[in-house]
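Chains as they are written, first to last, in my numbering: chain A, 5 to 390; chain B, 5 to 390.
Note that beta-carbon positions come from the ideal geometry of N, C-alpha and C, so glycine has one too.
Protein chains: 2
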Amino acid sequence: MAETARAPLATAGITHQRVVFPEGLALDCGVVLRPLVVAYRTYGRLNDAKSNAILICHALTGDQYVAETHPVTGKPGWWTSMVGPGLPVDTDRFFVICANVLGGCMGSSGPREEMTDAEGRPQGRPWGMQFPPVTIRDMVRAQAKLLDRLGVPKLFSVIGGSMGGMQVLEWAALHPDRVFSAIPIATATHHSAQNIAFHEIGRQAINADPDFHGGEYWKHGVVPARGLAVARMTAHITYLSEEALTRKFGRRLRTGPMLTFSNDLFEVESYLQHQGSSFVQRFDANSYLSITRAMDYFDLAAEHGGSVAAAFRNTPVRFCVISFSSDWLFPTAMSREIVRALNAVAANVSFVEITSDKGHDAFLLDEPDLFRTVSGFLAGAAERWR
Amino acid sequence: MAETARAPLATAGITHQRVVFPEGLALDCGVVLRPLVVAYRTYGRLNDAKSNAILICHALTGDQYVAETHPVTGKPGWWTSMVGPGLPVDTDRFFVICANVLGGCMGSSGPREEMTDAEGRPQGRPWGMQFPPVTIRDMVRAQAKLLDRLGVPKLFSVIGGSMGGMQVLEWAALHPDRVFSAIPIATATHHSAQNIAFHEIGRQAINADPDFHGGEYWKHGVVPARGLAVARMTAHITYLSEEALTRKFGRRLRTGPMLTFSNDLFEVESYLQHQGSSFVQRFDANSYLSITRAMDYFDLAAEHGGSVAAAFRNTPVRFCVISFSSDWLFPTAMSREIVRALNAVAANVSFVEITSDKGHDAFLLDEPDLFRTVSGFLAGAAERWR
Chain A
5 MAETARAPLA TAGITHQRVV FPEGLALDCG VVLRPLVVAY RTYGRLNDAK
55 SNAILICHAL TGDQYVAETH PVTGKPGWWT SMVGPGLPVD TDRFFVICAN
105 VLGGCMGSSG PREEMTDAEG RPQGRPWGMQ FPPVTIRDMV RAQAKLLDRL
155 GVPKLFSVIG GSMGGMQVLE WAALHPDRVF SAIPIATATH HSAQNIAFHE
205 IGRQAINADP DFHGGEYWKH GVVPARGLAV ARMTAHITYL SEEALTRKFG
255 RRLRTGPMLT FSNDLFEVES YLQHQGSSFV QRFDANSYLS ITRAMDYFDL
305 AAEHGGSVAA AFRNTPVRFC VISFSSDWLF PTAMSREIVR ALNAVAANVS
355 FVEITSDKGH DAFLLDEPDL FRTVSGFLAG AAERWR
Chain B
5 MAETARAPLA TAGITHQRVV FPEGLALDCG VVLRPLVVAY RTYGRLNDAK
55 SNAILICHAL TGDQYVAETH PVTGKPGWWT SMVGPGLPVD TDRFFVICAN
105 VLGGCMGSSG PREEMTDAEG RPQGRPWGMQ FPPVTIRDMV RAQAKLLDRL
155 GVPKLFSVIG GSMGGMQVLE WAALHPDRVF SAIPIATATH HSAQNIAFHE
205 IGRQAINADP DFHGGEYWKH GVVPARGLAV ARMTAHITYL SEEALTRKFG
255 RRLRTGPMLT FSNDLFEVES YLQHQGSSFV QRFDANSYLS ITRAMDYFDL
305 AAEHGGSVAA AFRNTPVRFC VISFSSDWLF PTAMSREIVR ALNAVAANVS
355 FVEITSDKGH DAFLLDEPDL FRTVSGFLAG AAERWR
C-alpha cells in the first residue's frame, strides 16, 4: 500500500450530474449548509402519472452509480443484479433515482467539496473535518429536495440495504405521505455497540495515519491510504460471514511453504490488503469519518421519544423487511425489532429472512431469493397503487 | 494516544526471573535459536513425589505474572480469580508454573531481546523483525525445557485459555507421557479465516504506523503506539460478546448533547481508546506480530496428516474441554471439534459449555461455573493420579 499513500486521488477531474440548491439545507446539528449540492443518477423514465419512481438508497461506501459503469473504478455499478431492464427493480417500468448521500465523496455536499461560509460563499479550500456533522435524517432531507426538483411528489418505493436501509426507515418515518412502499434490507433502527466499535477502529486507524494531517491531507498532496485501508479491511470482515470468509480463502497459503512468515500470507490476508488498497483509490477518508458517524448516531427510537413504534404510528407505508440468516452485523434479530414495532402500530408489513451463508454482503450479491422477494413485493404493491 | 507514541517503554529496567539455555532450541522454521531464554514465575511448592505441578499457558497478550502484581502495570495478575491459595488452581496444594511464551516481551526469547548469531553471540541490537518465526509447538518445546530445569518430569495438569488452550492441546499431542490431565479452554485446533482476518487488521495497523519503522522503532526511540492501539482495539472487540459490549457501554454518550461529533464519543469509543492506549505501555509491537502469526499458523490437524484425532491416538491424557456460549471468536463448535476428535480415539474427555454472556473474555472473568468445572475436574483427576 505504500505506493497508494502518495498517489493522487483517482476521482480528480470527474464531473458528476448534480443539482445545486442555493438556499441550502438546515441540518440536525443547527448549521445551515449553503448551498446544498446533491449528485445523483436516474435510470428509466418518470411516467405521466408520476407513479413509477423508486428511490435507491446506497450504503456506507456506495454511491449513485447503481446500474452503470463506475466513473472512477471502471467496474460495474454496485447493484447491477437488482436494478436494470427486466431486473427486479425494472428500469423499463420504473424511474429509478439514486443520490450520493450528504457527506459522501461522489459529488454531493461533503468533506471533499469546497467549504462555504454562512452565506454560501466559497472559501477556497475543501471542508475536510470542518464539514458539519450530518445525520441519516439530513441525508433523507437532501434526497427529498432532489425529488422536488425532479418533479416526483411521491415514491412508489424506497429501497436500500445496510445504511441504505436506515435511510429507508427514516424516509417512512419522516415523509410517510411521500412513500407508498419501503424495502429496508439488512438494516436496523440503531447501530449496536459492536457496530459502533468496529467503526471506531476504522476511525482510529485513519486518525493514526500520519498522512491524515488532522483531515487536511489535501494540503500535503497525500491521502491517508494506510489508515483508510485498515478501516476498510475491518468493515469488510464484518460484511462477510465466517462461512463466506472460509469458503473464499480458507487457510490455503497464497504461495510456497509454511513458516517464512513475512512472505507467505494466508489468502485472506492478501485479499483484505487488496480490498483495502483498491478502496482508497475511490473513497475520501473524511467522508468515511462523516458517514460512519451518521450511522453510529442513527437511533430512530431516540428521535421519537424512545419508541420505534411511535415513528410509524398511523403509517400508510407498506413495508417489506428483509434480513439474511448469516448476517452478524445486522442480524435478523434487528430486523425483527423493526417488524415488531410495525406490528405494534398495525402497519402493513411483510418480513422475509433469507437463508444465505454470505453474511451482510448478501444484499449486494446474487441471491435469487432476494430478487424474488423484491420483485414479488413490488408487483403486489403495484396492484394497490392508485 | 499522541503522548504515548513517543513515551519510553514502561518495561525498561525490569528484571524477570529466567533460565538461559545456551544450547538453544531448534525451531520449526529450521533455525536454532541460541541461547533460548525462558522467563517464568512459579507459585506454591513442588512436592517430594513431584506429582503436583500444574502448567498455566497464557494467551496472546498475557504473561507469566498469573497470580501476583504485574511489574509493569502495577495491576493484579491476569488470573488471580483462578490461581491462588484456596482457589480452583490452589497454590497451597499445587506447584504452579507459568512461562512467558517464546516470542513474548516479558523476558523470554523474543523480538525485544538482544539478537544473537548462529553461535549465540550477541549482536548489539534487538531482534525486532529478524526474530525467527515461532510456532505454538516451539512455545511448548521451550516450556518443556523449563520443566526439565525445574525438575518436573510430568505435569499433573496443563491449563490455558485461547492461545493458552492451543498450547494445552499441543502439550497433549507432543508430550502425552508428560501430561496427566489437560484443560483447554475457549480454544480451537486451528485459527479460523475470520480470526486470521482480525489479526491481519492488527498487523496492518502496526505496519501502517510511521513509528513502526519496519520493526526497528527502537532505533528512533519510539514505539508504534497508534498502530498497536488499533490492533488491540480490534482484538478487544472480538473478545467481548455483543451483550457484554452493550451492557458495558450501550449507546450512552460520554458527555453532553448529541451532534458535536468530534467531542461527544460513545462510551464504547472512549473505552476502546483507553484499552488501546494502556496496552501500548506494556506490550511490544514486534511481539504482537510474532505471536499472532504463531496463532494463525497453528493447525493441529495439519501437523498430524490432516487429522486432529491422529494427534491424540492412544493418548493417556484426561481432558476437560471448556467453551463459553457467547464466545464468537472461539465458539463452542470449535470445542466440539476437539471433543469429537478425542471421542474418535476413545480418549478420556469431559466437555462443558458454560452459559455466559461475556464472550471470549469469560475465561478471564469471574465465572463461578468455570471455577467449579476446573476445581471439580482437578479433584477427580487427583484421585486417579498415582
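Cβ neighbours of residue i in the same chain (closer than 6 Å, five flanking residues each side left out)
{"i": "D331 of chain A", "result": "A190, G363, H364"}
{"i": "C33 of chain B", "result": "P136, P137"}
{"i": "T319 of chain B", "result": "P180, A351"}
{"i": "P39 of chain A", "result": "V24, F25, P26, G28, G124"}
{"i": "F98 of chain A", "result": "G48, N56, I58"}
{"i": "M338 of chain B", "result": "A192"}
{"i": "A315 of chain B", "result": "A177, L304, H308"}
{"i": "M237 of chain B", "result": "L276, G280"}
{"i": "F355 of chain A", "result": "V325, V343"}
{"i": "G108 of chain B", "result": "G114, S291"}
Close-in-space but distant-in-sequence residues of the same chain around residue i (CB under 8 Å, 5 per side omitted)
{"i": "V321 of chain B", "result": "A176, P180, V183, F184, S185, A186, A351, N352"}
{"i": "H62 of chain A", "result": "Q68, V70, W82, C102, N104, V105, G164, M167, G168"}
{"i": "N347 of chain B", "result": "V353"}
{"i": "L150 of chain B", "result": "V23, V42, Y44, I101, A103"}
Which of helix, strand or coil DSSP assigns to residue i
{"i": "E357 of chain B", "result": "strand"}
{"i": "A235 of chain A", "result": "helix"}
{"i": "N199 of chain A", "result": "helix"}
{"i": "R317 of chain B", "result": "coil"}
{"i": "N211 of chain B", "result": "helix"}
{"i": "Y69 of chain B", "result": "coil"}
{"i": "I163 of chain A", "result": "strand"}
{"i": "D96 of chain A", "result": "coil"}
{"i": "A186 of chain A", "result": "strand"}
{"i": "G108 of chain B", "result": "coil"}
{"i": "I18 of chain B", "result": "coil"}
{"i": "A103 of chain B", "result": "strand"}
{"i": "R344 of chain A", "result": "helix"}
{"i": "R376 of chain A", "result": "helix"}
{"i": "V312 of chain B", "result": "helix"}
{"i": "H194 of chain B", "result": "strand"}
{"i": "S327 of chain A", "result": "strand"}
{"i": "R286 of chain B", "result": "coil"}
{"i": "V226 of chain A", "result": "coil"}
{"i": "N322 of chain A", "result": "Checking the sequence, you will find Arg at residue 322 of chain A rather than Asn. Residue state, collapsed to three classes: strand."}
Neighbourhood of residue i by C-beta distance below 7 Å, restricted to the same chain and skipping five residues each side
{"i": "P80 of chain B", "result": "T73"}
{"i": "I200 of chain A", "result": "D300"}
{"i": "S360 of chain B", "result": "F328, S329, S330, A366, E371"}
{"i": "S379 of chain A", "result": "P92"}
{"i": "E3 of chain A", "result": "Past the edges of chain A, shown from 5 to 390, lies residue 3 of chain A, and the structure says nothing about it."}
{"i": "Q171 of chain B", "result": "C61, I140, M143, V144, G164"}
Exposed unless 16 or more other CB atoms sit within 10 angstroms - verdict on residue i
{"i": "L249 of chain A", "result": "buried"}
{"i": "E387 of chain B", "result": "exposed"}
{"i": "T46 of chain A", "result": "buried"}
{"i": "Q127 of chain A", "result": "exposed"}
{"i": "P188 of chain B", "result": "buried"}
{"i": "E307 of chain B", "result": "buried"}
{"i": "P115 of chain B", "result": "buried"}
{"i": "H194 of chain B", "result": "buried"}
{"i": "L369 of chain A", "result": "exposed"}
{"i": "E118 of chain B", "result": "exposed"}
{"i": "D215 of chain A", "result": "buried"}
{"i": "H203 of chain B", "result": "buried"}
{"i": "I18 of chain B", "result": "exposed"}
{"i": "P130 of chain A", "result": "buried"}
{"i": "G155 of chain A", "result": "exposed"}
{"i": "G218 of chain A", "result": "exposed"}
{"i": "A53 of chain B", "result": "exposed"}
{"i": "A197 of chain A", "result": "buried"}
Is it a yes or a no for the stretch 359-379 of chain B touching the stretch 85-97 of chain B, going by three-plus beta-carbon pairs under 8 Å?
-> The stretch 359-379 of chain B is in contact with the stretch 85-97 of chain B.
Specify whether the stretch 294-303 of chain A and the stretch 222-229 of chain A touch according to this definition: at least 3 beta carbon pairs, one from each stretch, less than 8 Å apart.
-> With a cut-off of 8 Å, the stretch 222-229 of chain A and the stretch 294-303 of chain A do not count as touching, because too few Cβ pairs lie within range.
Kindly provide the ranges of any beta strand (DSSP E) runs that are 3 or more residues long and lie completely inside the stretch 26-70 of chain A, ordered along the chain.
-> Scanning the stretch 26-70 of chain A from its first residue to its last, the whole beta strand (DSSP E) runs of 3-plus residues come out as 40-47, 57-61.
Along the chain, which unbroken stretches of the beta strand (DSSP E) at least 3 residues long are found entirely within the stretch 119-154 of chain A?
-> Unbroken beta strand (DSSP E) runs of no fewer than 3 residues, entirely contained in the stretch 119-154 of chain A, are found at 126-130, following chain order.
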